[in-house]
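If you're matching positions, the sequence shown starts at 1 in the UniProt record's numbering and goes up one per residue. C-beta atoms are modelled at their ideal positions from N, C-alpha and C, and glycine is treated no differently.
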Amino acid sequence: MTKSDKKQGGALGRGLDALISKEYVKDSETETVKEEIVAKEPVESIEESAEVNVIHQKIIDAILEDVQKNPRVSFWSARTAAVLRFLRKTEPEFSISSEASLLMEEAVKEKYPEIWEMFEEHL
1 MTKSDKKQGG
11 ALGRGLDALI
21 SKEYVKDSET
31 ETVKEEIVAK
41 EPVESIEESA
51 EVNVIHQKII
61 DAILEDVQKN
71 PRVSFWSART
81 AAVLRFLRKT
91 EPEFSISSEA
101 SLLMEEAVKE
111 KYPEIWEMFE
121 EHL
């Protein structure tokens, strides 16, 4: 590979190497030098960021329209169904829908906090 090939290639074709860098750090206790891998911040221009925001807003608007019509979520889990049905039969006024909604909201909010915040002001 010539010098000009190296210059032209830059990050292209380097895969993960283009996204991470290696730093060498001296461990004060052991006096050894160790290699640490540090994630590089992705380079994104202002134009790309604005374009992504516009795309995200269009997606959010479409989702809000859909969930206003039908906010229902369905999933299959025999064990979950069994537990919730047991509770419905053994606890007065227990609501499977209310409990499933509460549990699902807590789990989704915890796992995807950034996305949760995107919809917090709308719903």
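field: Spatial neighbours of Leu64 in its chain, beta-carbon cut-off 7 angstroms, leaving aside the 5 residues before and after
entry: Counting from 1 along the sequence shown, the entry for residue 64 is found at position 64. For Leu64, where only same-chain residues beyond five positions count, the Cβ hits under 7 angstroms are His122.
Start and end residues, alpha helix (DSSP H) containing Val73: Along the sequence shown, one-based indexing puts residue 73 at 73. Premise fails: Val73 is in no alpha helix (DSSP H) and is neither H nor E.
- prompt: Can you tell me the Cα-Cα spacing of Ser74 and Asp66, whole angstroms?
  reply: Counted from its first residue, the sequence shown places residue 74 at position 74. Counted from its first residue, the sequence shown places residue 66 at position 66. Distance between the alpha carbons of Ser74 and Asp66 is about 15 angstroms.
query: Apart from the five residues just before and just after Ser101, which ones in its own chain have a Cβ nearer than 6 angstroms to its Cβ?
result: Here the question's residue 101 lines up with position 101 in the sequence shown. Answer for Ser101: no residue qualifies.
task: May I have the straight-line CA-CA distance separating residue 143 from Glu105, to the nearest angstrom?
output: Lying before the first or after the last residue shown, residue 143 is absent from the chain, which here runs from 1 to 123.
query: Can you tell me the Cα-Cα spacing of Ile96 and Gln68, whole angstroms?
result: As a working mapping, residue 96 is identified with position 96 in the sequence shown. As a working mapping, residue 68 is identified with position 68 in the sequence shown. Roughly 21 angstroms separates the two Cα atoms.
task: Output the distance between the C-alpha atoms of Glu110 and Leu103, rounded to the nearest integer angstrom.
output: Numbered from its first residue, the sequence shown carries residue 110 at position 110. Numbered from its first residue, the sequence shown carries residue 103 at position 103. Cα-Cα distance, rounded: 11 angstroms.
field: Pairwise C-alpha distance: Ser98 and Ile59
entry: Position 59 of the sequence shown, counting from 1, holds the residue named residue 59. Position 98 of the sequence shown, counting from 1, holds the residue named residue 98. For Ile59 and Ser98, the distance between alpha carbons rounds to 27 angstroms.
- prompt: Is DSSP giving Ser49 helix, strand or coil here?
  reply: Sequence index remark: in the sequence shown, residue 49 carries index 49 (1-based). Under the three-state reduction of DSSP output, Ser49 falls in the helix class.
task: Give the DSSP-derived three-state secondary structure of Glu110 in the structure shown.
output: Within the sequence shown, the letter at position 110 stands for residue 110. Helix at Glu110.
- prompt: Rounded to a whole number of angstroms, what is the C-alpha to C-alpha distance between Glu93 and Leu84?
  reply: By 1-based counting over the sequence shown, the position of residue 93 is 93. By 1-based counting over the sequence shown, the position of residue 84 is 84. Approximately 12 angstroms, taken between the alpha carbons.
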